[in-house]
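Protein chains in written order, with this note's numbering: chain F, 4 to 148; chain C, 4 to 148; chain Z, 4 to 148; chain S, 4 to 148.
Remarks on the structure that follows.
Protein chains: 4
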Amino acid sequence: MGPNVFRHLHRVTYAECTVGNHIYYSRYLDILEAARGEFFRQIGQPFARLQQEDIILPVTEVRLRYKGAARYDDVLTVEVRVAELARVRVAFSYAIFREPGSVLVEAVTVHACASTDDKLKRLPADLCAALRRFVETPADERVTG
Amino acid sequence: MGPNVFRHLHRVTYAECTVGNHIYYSRYLDILEAARGEFFRQIGQPFARLQQEDIILPVTEVRLRYKGAARYDDVLTVEVRVAELARVRVAFSYAIFREPGSVLVEAVTVHACASTDDKLKRLPADLCAALRRFVETPADERVTG
Amino acid sequence: MGPNVFRHLHRVTYAECTVGNHIYYSRYLDILEAARGEFFRQIGQPFARLQQEDIILPVTEVRLRYKGAARYDDVLTVEVRVAELARVRVAFSYAIFREPGSVLVEAVTVHACASTDDKLKRLPADLCAALRRFVETPADERVTG
Amino acid sequence: MGPNVFRHLHRVTYAECTVGNHIYYSRYLDILEAARGEFFRQIGQPFARLQQEDIILPVTEVRLRYKGAARYDDVLTVEVRVAELARVRVAFSYAIFREPGSVLVEAVTVHACASTDDKLKRLPADLCAALRRFVETPADERVTG
Chain F
4 MGPNVFRHLH RVTYAECTVG NHIYYSRYLD ILEAARGEFF RQIGQPFARL
54 QQEDIILPVT EVRLRYKGAA RYDDVLTVEV RVAELARVRV AFSYAIFREP
104 GSVLVEAVTV HACASTDDKL KRLPADLCAA LRRFVETPAD ERVTG
Chain C
4 MGPNVFRHLH RVTYAECTVG NHIYYSRYLD ILEAARGEFF RQIGQPFARL
54 QQEDIILPVT EVRLRYKGAA RYDDVLTVEV RVAELARVRV AFSYAIFREP
104 GSVLVEAVTV HACASTDDKL KRLPADLCAA LRRFVETPAD ERVTG
Chain Z
4 MGPNVFRHLH RVTYAECTVG NHIYYSRYLD ILEAARGEFF RQIGQPFARL
54 QQEDIILPVT EVRLRYKGAA RYDDVLTVEV RVAELARVRV AFSYAIFREP
104 GSVLVEAVTV HACASTDDKL KRLPADLCAA LRRFVETPAD ERVTG
Chain S
4 MGPNVFRHLH RVTYAECTVG NHIYYSRYLD ILEAARGEFF RQIGQPFARL
54 QQEDIILPVT EVRLRYKGAA RYDDVLTVEV RVAELARVRV AFSYAIFREP
104 GSVLVEAVTV HACASTDDKL KRLPADLCAA LRRFVETPAD ERVTG
């Protein structure tokens, strides 16, 4: 795996599990949000500051594939990559696993870039620059800063 | 049972359950909020309107006793009573059960009356009047499970 | 709209909302589960009984598109249709709206049919028969928002 | 503060917040569970192993006092102490704060010691020994190992 991956660790709690001892299917979206928040903080673009600058990234689409069950007390790794970087849109792809090579969940979240009054807004140049090195494909030519 | 009880029904989902097939301990607070919302709606005082009138009822204290396990697919009855009605404070007591006479959870929530900028505020007279007939009495306590 | 739609009502609580007063993106999956549970109950195939018969329908994939924000106290309608009915797989499509013609969320969940020890299993004939009349057709798709 | 305190850090996510930008009142119980899990792990008694040894600690009672609002992106400290250590029961007290000296939430959880088939069971001697140094009062004489 290349350098363009952010990794976040997550310890599974009882709060996240359901009957049958596995993570309930919606809780992965909570875990992805936590991973995304840490990712943005690490690249110097915390959501709290973006919001102060009147930039929010509301989710417009999610896709998840469940391939295996995560259990109570598991330590999960969440890999975050940038799947698409466009003028007013950014998408992230995620792989969640307990052991390398054995993905439990694959996911994509698509986000609009908007002002807090919900008008579409161009992604700021410095945010684009910070995200660009996490783009997962060589298709950087797709990107319009 | 007297007239001073509001009853709310709730069907247990997988989302609320955890390992061992019982409701996770925090989810009861979500269920109590739903019951409280329906209670206020029925007495003609929906929270959404109160908030428009600059009145909110933030929770300052909760107490729960877990006496039995609710399971997936159970239909629970949540009984709501007014445990205390003061100038800037109101408390509710709850009993959750699957079958009459067999309480699974007993709870109390205490709420301040405040403006949306978090200043204490006297409970409006019409809200007090609406709540008063649900105030529980020692006699009731003997009657209810 | 044709007869092949199940509708479930849901009142939005504070528990489901986040900063900015709209439903948090993962909570829709909890709402879809509740709608699915009621749907299966109405067609005479409650999940609790299926599980006793060693049949579970684990989610293998979800897709959601968020087109508008649901707010506290909204009453949402969740429409459930059968998007695909295969030998060991069934998919549901959902439309969530506050007012007819204005869809807030579109979703699909894909489920395997399995035994409780997680082996793939053919969908029982009576379950297939019960689900079949909710299979959506191209004609329906044009009809619904 | 003495040595008998375990501290757990928690970063607040959107998933935990509600309308008005503060943590929803039930989510603190999820946070307390995470803190408790880490506490037991640190003292060499992880819940997952206890369960394998047929010991579970179901919650029988909780009490929370909400004194201030935690917000999105706050880093919270959760302090865990042992409030009571009895033959078949243990209670923990918690203080949650953003800044030292300014407690946002105070809480207590009371747990039975039971086998996985829900029969009361004496707390194992090594678990008691591990918990004893976190007892918050000098009332160690109350303790019956």
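The C-beta atom is built at its ideal place from N, Cα and C for all residues, glycine as well.
These figures come from a predicted structure and were not determined experimentally.
ask   = Can a CB atom of chain F be found closer than 8 angstroms to the CB of Tyr27 (chain C)?
value = At least one chain F Cβ lies under 8 angstroms of Tyr27 (chain C).
request  = Indicate the three-state DSSP secondary structure (helix, strand or coil) for Cys116 (chain F) in the structure shown.
outcome  = coil
task = Using the DSSP secondary-structure output, state which residues sit across from Ser96 (chain F) in a beta bridge.
result = F:Arg84 and F:Val111
request  = Could I get the ranges of all uninterrupted alpha helix (DSSP H) runs contained in the region 27-75 of chain C, with 4 residues as the minimum, in chain order?
outcome  = Those alpha helix (DSSP H) runs which fall completely within the region 27-75 of chain C and span 4+ residues are 30-45 and 50-55.
ask   = Taking Cβ positions only, does Thr63 (chain F) come closer than 8 angstroms to chain Z?
value = True, the Cβ-Cβ gap to chain Z drops below 8 angstroms.
key: Alpha-carbon to alpha-carbon, Ala73 (chain C) and Val15 (chain C)   = 8 angstroms
task = Classify Ala98 (chain C) as buried or exposed, calling it buried when 16 or more other Cβ atoms lie within 10 Å of its own Cβ.
result = buried
key: Separation of Gly47 (chain Z) from Ser118 (chain Z), as counted between CA atoms   = Taking the straight line from one Cα to the other gives about 19 angstroms.
task = With DSSP collapsed to three states, give me the class of Leu126 (chain C).
result = coil
query = Since Phe9 (chain C) is in the beta strand (DSSP E), which residue starts that stretch and which ends it?
reply = Per DSSP, the unbroken beta strand (DSSP E) holding Phe9 (chain C) starts and ends at Phe9 to Arg14.
query = Could you give the C-beta distance for Val65 (chain C) and Thr112 (chain C), rounded to a whole number, given that I count them as a contact under 8 angstroms?
reply = Right, their Cβ atoms sit about 5 angstroms apart.
key: Contacts that Asp76 (chain F) makes with chain S (C-beta to C-beta distance below 8 angstroms)   = Gly40, Pro49, Phe50 and Ala51
query = Taking Cβ positions only, does Tyr69 (chain C) come closer than 8 angstroms to chain S?
reply = yes
ask   = Looking at C-beta atoms only, is the number of pairs between the region 47-60 of chain Z and the region 123-139 of chain Z that lie closer than 8 angstroms three or more?
value = yes
key: Close Cβ partners of Gly148 (chain C) (< 6 angstroms) along its chain, the five nearest in sequence each way excluded   = For Gly148 (chain C), the predicted model reports a pLDDT of 34, less than 50, meaning its position is unreliable and no value from the coordinates is stated.
ask   = Expressed to the nearest angstrom, what Euclidean distance is found between the alpha-carbon atoms of His114 (chain S) and Ala133 (chain Z)?
value = 45 angstroms
message = At the 8 angstroms Cβ level, is Asp57 (chain F) part of the contact set with chain Z, yes or no?
response = no
query = Can you check whether the CB of Arg30 (chain F) is closer than 8 angstroms to the CB of Glu19 (chain F)?
reply = yes
message = From the DSSP secondary-structure annotation, give me the bridge partner or partners of Cys20 (chain C).
response = C:Ile26
query = Contact check, Val78 (chain Z) vs Leu32 (chain Z) under 8 angstroms by CB: the rounded distance?
reply = That belief does not hold up - the Cβ atoms of Val78 (chain Z) and Leu32 (chain Z) are roughly 19 angstroms apart, past 8 angstroms.
inquiry  = Looking only at its chain, what residues have a beta carbon closer than 7 angstroms to the beta carbon of Gly40 (chain Z), apart from the 5 residues adjacent to it on each side?
reply    = Phe50
query = Nearest to Val85 (chain C) by alpha carbon, out of C:Gln54, C:Ala38, C:Tyr69 and C:Gly71?
reply = C:Ala38
key: Local conformation of Phe137 (chain C) per DSSP, three classes   = coil
inquiry  = Within 8 angstroms of any Cβ in chain F, is that where the Cβ of Tyr17 (chain C) sits?
reply    = yes
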